[in-house]
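Here the structure comes first, spelled out in structure tokens, and everything after it is commentary.
Number of protein chains: 2
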Amino acid sequence: MVSPALEHRIRAKRLLTRVTSPQEAARLVEDGMAVGIGTGISSACPKTFFTALANEFKGKGKIKLFTGGPVPDEVDGLLVEADIVERRFGQFKNPLLLKAANDRSIPVVEERTGILPHQVRDGRFGKIDIAVIQATAITEQGHIIPTTSCLDAPSYTVLANRVIVEINPNIPEEIEGIHDIYIPEVAPDRKPIPIVHAGDRIGTPYIPVDPDKIVAIIESNIPDNPPPRPPINETSQKVAEYLLEFFTNEVKRGRLPTSLLPLQFGIGTIPEAIAEALCESVFNDIEIFSGAVGDGGLDLIDAGKVKALSVAALYLSEGGFDRFYKDISRYKSKIILRPVVIADCPELIARLGCIAINGAIEVDIYGHVNSSHIQGTRIISGVGGSCDFLWNAYLSIVVLPSVARKGVISSIVPMVTHVDHPEHAIDLIITEQGYADLRGLSPVERAKKIIDKCAHPSYKDILREYLQEAIENRGGHEPHILEKAFNLHIAYLKNGTMRS
Amino acid sequence: MVSPALEHRIRAKRLLTRVTSPQEAARLVEDGMAVGIGTGISSACPKTFFTALANEFKGKGKIKLFTGGPVPDEVDGLLVEADIVERRFGQFKNPLLLKAANDRSIPVVEERTGILPHQVRDGRFGKIDIAVIQATAITEQGHIIPTTSCLDAPSYTVLANRVIVEINPNIPEEIEGIHDIYIPEVAPDRKPIPIVHAGDRIGTPYIPVDPDKIVAIIESNIPDNPPPRPPINETSQKVAEYLLEFFTNEVKRGRLPTSLLPLQFGIGTIPEAIAEALCESVFNDIEIFSGAVGDGGLDLIDAGKVKALSVAALYLSEGGFDRFYKDISRYKSKIILRPVVIADCPELIARLGCIAINGAIEVDIYGHVNSSHIQGTRIISGVGGSCDFLWNAYLSIVVLPSVARKGVISSIVPMVTHVDHPEHAIDLIITEQGYADLRGLSPVERAKKIIDKCAHPSYKDILREYLQEAIENRGGHEPHILEKAFNLHIAYLKNGTMRS
Numbered sequence: 062m063v064s065p066a067l068e069h070r071i072r073a074k075r076l077l078t079r080v081t082s083p084q085e086a087a088r089l090v091e092d093g094m095a096v097g098i099g100t101g102i103s104s105a106c107p108k109t110f111f112t113a114l115a116n117e118f119k120g121k122g123k124i125k126l127f128t129g130g131p132v133p134d135e136v137d138g139l140l141v142e143a144d145i146v147e148r149r150f151g152q153f154k155n156p157l158l159l160k161a162a163n164d165r166s167i168p169v170v171e172e173r174t175g176i177l178p179h180q181v182r183d184g185r186f187g188k189i190d191i192a193v194i195q196a197t198a199i200t201e202q203g204h205i206i207p208t209t210s211c212l213d214a215p216s217y218t219v220l221a222n223r224v225i226v227e228i229n230p231n232i233p234e235e236i237e238g239i240h241d242i243y244i245p246e247v248a249p250d251r252k253p254i255p256i257v258h259a260g261d262r263i264g265t266p267y268i269p270v271d272p273d274k275i276v277a278i279i280e281s282n283i284p285d286n287p288p289p290r291p292p293i294n295e296t297s298q299k300v301a302e303y304l305l306e307f308f309t310n311e312v313k314r315g316r317l318p319t320s321l322l323p324l325q326f327g328i329g330t331i332p333e334a335i336a337e338a339l340c341e342s343v344f345n346d347i348e349i350f351s352g353a354v355g356d357g358g359l360d361l362i363d364a365g366k367v368k369a370l371s372v373a374a375l376y377l378s379e380g381g382f383d384r385f386y387k388d389i390s391r392y393k394s395k396i397i398l399r400p401v402v403i404a405d406c407p408e409l410i411a412r413l414g415c416i417a418i419n420g421a422i423e424v425d426i427y428g429h430v431n432s433s434h435i436q437g438t439r440i441i442s443g444v445g446g447s448c449d450f451l452w453n454a455y456l457s458i459v460v461l462p463s464v465a466r467k468g469v470i471s472s473i474v475p476m477v478t479h480v481d482h483p484e485h486a487i488d489l490i491i492t493e494q495g496y497a498d499l500r501g502l503s504p505v506e507r508a509k510k511i512i513d514k515c516a517h518p519s520y521k522d523i524l525r526e527y528l529q530e531a532i533e534n535r536g537g538h539e540p541h542i543l544e545k546a547f548n549l550h551i552a553y554l555k556n557g558t559m560r561s
Numbered sequence: 062m063v064s065p066a067l068e069h070r071i072r073a074k075r076l077l078t079r080v081t082s083p084q085e086a087a088r089l090v091e092d093g094m095a096v097g098i099g100t101g102i103s104s105a106c107p108k109t110f111f112t113a114l115a116n117e118f119k120g121k122g123k124i125k126l127f128t129g130g131p132v133p134d135e136v137d138g139l140l141v142e143a144d145i146v147e148r149r150f151g152q153f154k155n156p157l158l159l160k161a162a163n164d165r166s167i168p169v170v171e172e173r174t175g176i177l178p179h180q181v182r183d184g185r186f187g188k189i190d191i192a193v194i195q196a197t198a199i200t201e202q203g204h205i206i207p208t209t210s211c212l213d214a215p216s217y218t219v220l221a222n223r224v225i226v227e228i229n230p231n232i233p234e235e236i237e238g239i240h241d242i243y244i245p246e247v248a249p250d251r252k253p254i255p256i257v258h259a260g261d262r263i264g265t266p267y268i269p270v271d272p273d274k275i276v277a278i279i280e281s282n283i284p285d286n287p288p289p290r291p292p293i294n295e296t297s298q299k300v301a302e303y304l305l306e307f308f309t310n311e312v313k314r315g316r317l318p319t320s321l322l323p324l325q326f327g328i329g330t331i332p333e334a335i336a337e338a339l340c341e342s343v344f345n346d347i348e349i350f351s352g353a354v355g356d357g358g359l360d361l362i363d364a365g366k367v368k369a370l371s372v373a374a375l376y377l378s379e380g381g382f383d384r385f386y387k388d389i390s391r392y393k394s395k396i397i398l399r400p401v402v403i404a405d406c407p408e409l410i411a412r413l414g415c416i417a418i419n420g421a422i423e424v425d426i427y428g429h430v431n432s433s434h435i436q437g438t439r440i441i442s443g444v445g446g447s448c449d450f451l452w453n454a455y456l457s458i459v460v461l462p463s464v465a466r467k468g469v470i471s472s473i474v475p476m477v478t479h480v481d482h483p484e485h486a487i488d489l490i491i492t493e494q495g496y497a498d499l500r501g502l503s504p505v506e507r508a509k510k511i512i513d514k515c516a517h518p519s520y521k522d523i524l525r526e527y528l529q530e531a532i533e534n535r536g537g538h539e540p541h542i543l544e545k546a547f548n549l550h551i552a553y554l555k556n557g558t559m560r561s
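Keeping their order, the protein sequence lines are chains A and B.
Under the working numbering, think of the first position of the first sequence as 62, with each following residue one higher.
Under the working numbering, think of the first position of the second sequence as 62, with each following residue one higher.
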């Protein structure tokens, strides 16, 4: 029953008796249980277990599901299809789960990625019954070595009475040592987290676990299916150029060193463009302190630009994983994989002085940011770590194209229809049109600058007219005409375009 | 020239030569300078200096003014009247400055109280030329002992090349020892702040300063004029009762100890009611970790309820200060006065697991909070420390009456007209109608609970109709009808009431 590959990876031999089939493991789940997915994003997810669960558990009840990262189809897709999700906590991107969130058939509770594990541990959502974790191996002592993501694994492992481990023998064993597992105490017994540089290691290279809690070990048998690398386009390239222009100006003014400050940028076309631009830049000895990183992170290491790269998860393409696996020992000297409570930790983001760079759906003239809800209504993604970073960084930067859908939607609007990040948290807005440095400005000064520097030329006049009318007819510190604040959005709903 | 009282308070005798008149000191200020008020709120403010400045400097130029707390009339009022404020950073409440912010004659830059000193220190707003600090005394080494507030004093003292000290001989010398001055480094060189309990002392009882930077010492000659103690009314009493009911339930469920967790509540009728209710409660050994505290804080100490009380400023009434001054040594064993970068520090708020309790103008059905702008337009107060606390606390609670202006305004609305605190930061809403525990709920579940528990009966139907129509006609995760989201606000503008 135990394959040679699995036997080799389970170094605590007494745990070999826990090896079972995915179906048997899935049967441990009972109606009403809370299940935490310890490791999330992309290839690092225990897909074999959840595929079995969707089959075995269908029609037998429902579970509450907790996850840090946006887990792949094999979790959110299959479980939603099988109708076994009673309530879903955490980050998500899966189309079926988004549909369920938007038709409200499943209550979906968005939480800040870096905070959710703390909230789960303080008991406000009830207990976690089972943690499911993808692993590279189990050590001689029975501790768990994760794969290419840590995310909430350590927190759920501590919390759950039962742990199911899915070992993926396709992950090279050389990955051992890349992880740094440290789990902060629950308040009020929490201690200062002793990290002062992005590259500091403060924990163990494995998730410590009482081996008696490991109730099942299964072998991964579903191939990884990483997403393609997001292509860089002219817009994202322009945004990246303006970001680097801003960095250059800050260095000139003596406000940033040439090594910059620890950078956070996520996944997508703009982050890839930023990585490419940094590769070709004068900036050196860069630290990355981020929730996740894409192929651009490897490019930066290969270009000799990186001093340390700290993330909770690697979100690579197939080609990216190939590069990473072939040369793990070299990448390991730079990359640290951390639990998300450390990778996205507000205390550390503030202490390290991170430069947080996050995307958005729309931004308003005063600098409020909507990252989650189209027309204030339809969610397209959980906020993930964007609150953790933008609310606490040394510099909080929002990057987005000035228009969407070939220009019929302006991303700069009089008032955003949903606020995830208030004006108080935002320092800089960058579009392909330019950058607006909002630091030290009053609301109307910010509005003028955002319109001038960031709005698309075809919307500048509309936005200026709104601002002028609001100033004249309503006045106030942050002038708005409530009857007209959403006129652009309403025009789009009616006519399919915001252009008048 | 040097009064005996002043001579006695300046223990570094070589600094006696720096004693000068308020007028002479005011003449050190030049056009275009940036002035930081080290100590703010109420009686602790260097009022004599700023009164002189308003007279001396009028017509001679303008200054940029930085302050942590909402400084009294002698600063914002006189300086605005004298038309010498070029730009104003930080918290404020003064009517004249509010008017200037709302007619945009002075650019007013709201910043988070706990973050502003860091931002000032990183140089983004230019340099600080002069720090002005109210002091009880100057030590033998030339260090400064503040009075009843610390606020930004330590940060500006470090930063400015010139420090003006206003000594107030009316402050009893026994206050020495109440302060705990610790100034975190600027990122990326910041270290963990070694506080793990609200009562921990980690710094010095004085503000360390190079005595050569002290360019002038003046004597306070303007009597303190503390605000009256806010009266408790039926509404605030009800809100406090519901808060304690919630605490009691959490203790029953084993999620809070009977000592609760470090509490933050500000100044005003609801905070006073909360203090009164706590005095009469079963809760004991309470820690307070807050930006400021009113007379209720003294009541709690007198009732034997307090283990430690950590604030940046005492915001007491005249009677409160009398009590405090008469019995300083007893109060000193409980009270710690800290710089605002520590008192309002996100790192510490999260680590200690604070329970943050803050007021608001309005809250929407999904839990977004407006604390600053009426009709999304007119500012009535800076956000102060509310972002620092609500965004980082273990439990983030918003308290407000369910209606305003005798019922013609509902404080629960379909969509708030300005967001200072997004849904992601809010755990609980409490009005005199009841409390809504929002933890673990989806947006529509939250909306139903907020309407049921917190809205005033005369608005419940209007709110339910909006929600129902939004669900049916627009759907989505957080249903909104943008054409109607502000209908209540628009009705109030037109008809003077939100009631249809």
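Cβ coordinates follow ideal geometry from the N, Cα and C atoms, glycine included.
Runs of alpha helix (DSSP H) lying entirely within the stretch 248-324 of chain B, each at least 4 residues, in chain order: 295-313
Are the CB atoms of valine 193 (chain A) and isoleucine 167 (chain A) within a distance shorter than 9 Å? no
What separation, rounded to the nearest whole angstrom, lies between the Cα atoms of lysine 509 (chain A) and histidine 541 (chain A)? Distance between the alpha carbons of lysine 509 (chain A) and histidine 541 (chain A) is about 14 Å.
Starting from lysine 119 (chain B), trace the alpha helix (DSSP H) both ways and give me its first and last residue. It is not in any alpha helix (DSSP H) - lysine 119 (chain B) carries neither H nor E in the DSSP assignment.
Using a threshold of 9 Å, state whether the C-beta atoms of glycine 101 (chain B) and glycine 130 (chain B) are closer than that. yes
Give the secondary structure of glycine 357 (chain B) by DSSP, where H, G and I count as helix, E and B as strand, and everything else as coil. helix
Every unbroken beta strand (DSSP E) inside the stretch 416-502 of chain A [3 residues or more]: Listed in chain order, they are 416-419, 423-425, 456-460, 489-492 and 495-498.
Please tell me whether arginine 412 (chain B) and glycine 203 (chain B) are closer than 9 Å, where the distance is taken between their beta carbons. Not closer than 9 Å, so no.
Limits of the unbroken beta strand (DSSP E) element including leucine 203 (chain A): Here the sequence assigns glycine to residue 203 (chain A), which means leucine is not the residue at that position. Counted as a single uninterrupted DSSP element, the stretch harbouring glycine 203 (chain A) is not any beta strand (DSSP E), since DSSP gives it neither H nor E.
Measuring only the C-alpha atoms, how far is glycine 563 (chain B) from serine 472 (chain B)? A query on residue 563 (chain B) cannot be resolved here, the shown segment of chain B reaching from 62 to 561 and no further.
Between valine 270 (chain A) and threonine 218 (chain A), how many whole angstroms is the CB-CB distance? I'm expecting something under 8 Å. With a contact defined as Cβ atoms closer than 8 Å, valine 270 (chain A) and threonine 218 (chain A) qualify at about 5 Å.
So, using beta-carbon positions, are isoleucine 422 (chain A) and serine 432 (chain A) closer together than 9 Å? yes
So, is glutamate 311 (chain A) buried or exposed, given that buried needs 16 or more other C-beta atoms within 10 angstroms? buried
Comparing the C-beta of aspartate 144 (chain A) with each C-beta of chain B, is any distance below 9 Å? no
Using the beta-carbon of each residue, which ones in chain A are nearer than 7 Å to isoleucine 551 (chain B)? Leu543 and Glu544
Which value, in whole angstroms, describes the spacing of the CA atoms of asparagine 286 (chain A) and glutamate 234 (chain A)? 20 Å
Helix, strand or coil: which one does DSSP assign to glutamine 195 (chain B)? It is a strand residue.
Which residues mark the beginning and the end of the alpha helix (DSSP H) in which leucine 413 (chain A) is found? 407-413
Just how far apart, CA to CA, sit alanine 259 (chain A) and proline 323 (chain A)? Annotation: alanine 259 (chain A) to proline 323 (chain A) spans about 7 Å, alpha carbon to alpha carbon.
With 9 Å as the C-beta to C-beta threshold (strictly closer), list the residues of the stretch 171-194 of chain A near chain B in chain order. Glu171, Glu172, Arg173, Ile176, His179, Gln180, Asp183, Gly184, Arg185, Phe186 and Gly187
Quick check on the DSSP output: the alpha helix (DSSP H) that includes valine 505 (chain B) runs from which residue to which? 504-515
Use the C-beta contact count for serine 394 (chain B): other C-beta atoms within 10 angstroms, 16 or more gives buried, fewer gives exposed. Taking a 10 Å sphere around the C-beta of serine 394 (chain B), we find fewer than 16 other C-beta atoms and assign the residue as exposed.
Limits of the unbroken alpha helix (DSSP H) element including serine 216 (chain A): 214-220
State the DSSP-derived secondary structure class of leucine 377 (chain A), mapped to helix, strand or coil. coil
Could you list which residues in chain A have their beta carbon closer than 9 Å to that of alanine 411 (chain B), in chain order? Ile176, His179, Ala248, Arg251, Cys406, Pro407 and Glu408
Under 9 Å between C-beta atoms, does glycine 138 (chain B) make it to chain A? Contact of glycine 138 (chain B) with chain A is not assigned, every C-beta pair being separated by 9 Å or more.
So, is the C-beta of asparagine 155 (chain B) closer than 9 Å to a C-beta in chain A? no
List the residues of chain A that phenylalanine 547 (chain B) touches, going by C-beta distances under 8 Å, in chain order. Leu543, Glu544 and Ala546
Anyone know if the C-beta pair for glycine 99 (chain A) and glutamine 195 (chain A) falls short of 9 Å? yes
Excluding the 5 residues flanking aspartate 183 (chain A) on each side, which residues of the same chain have their C-beta closer than 8 Å to its C-beta? Its chain contains Val247 and Ala248 as the residues whose beta carbon lies nearer than 8 Å to that of aspartate 183 (chain A), once the 5 sequence neighbours on both sides are disregarded; these appear in chain order.
Could you tell me the alpha carbon to alpha carbon distance between isoleucine 275 (chain A) and aspartate 144 (chain A), rounded to whole angstroms? 27 Å
Pick out whichever of A:Cys106, A:Leu126 and A:Val63 has its Cα sitting closest to the Cα of proline 133 (chain A). A:Cys106
Assuming leucine 89 (chain B) and alanine 115 (chain B) form a contact by the criterion Cβ under 8 Å, report the distance between their Cβ atoms to the nearest whole angstrom. The pair is not a contact, with the Cβ atoms about 15 Å apart (cut-off 8 Å).
With DSSP run on the structure shown, which of helix, strand or coil describes phenylalanine 326 (chain A)? strand
Quick test of the definition: if touching needs 3 or more C-beta pairs under 8 Å, does the stretch 155-169 of chain B touch the stretch 73-87 of chain B? no
Looking at C-alpha atoms only, which residue of A:Ile256, A:Pro288 and A:Glu201 is the closest neighbour of arginine 70 (chain A)? A:Glu201
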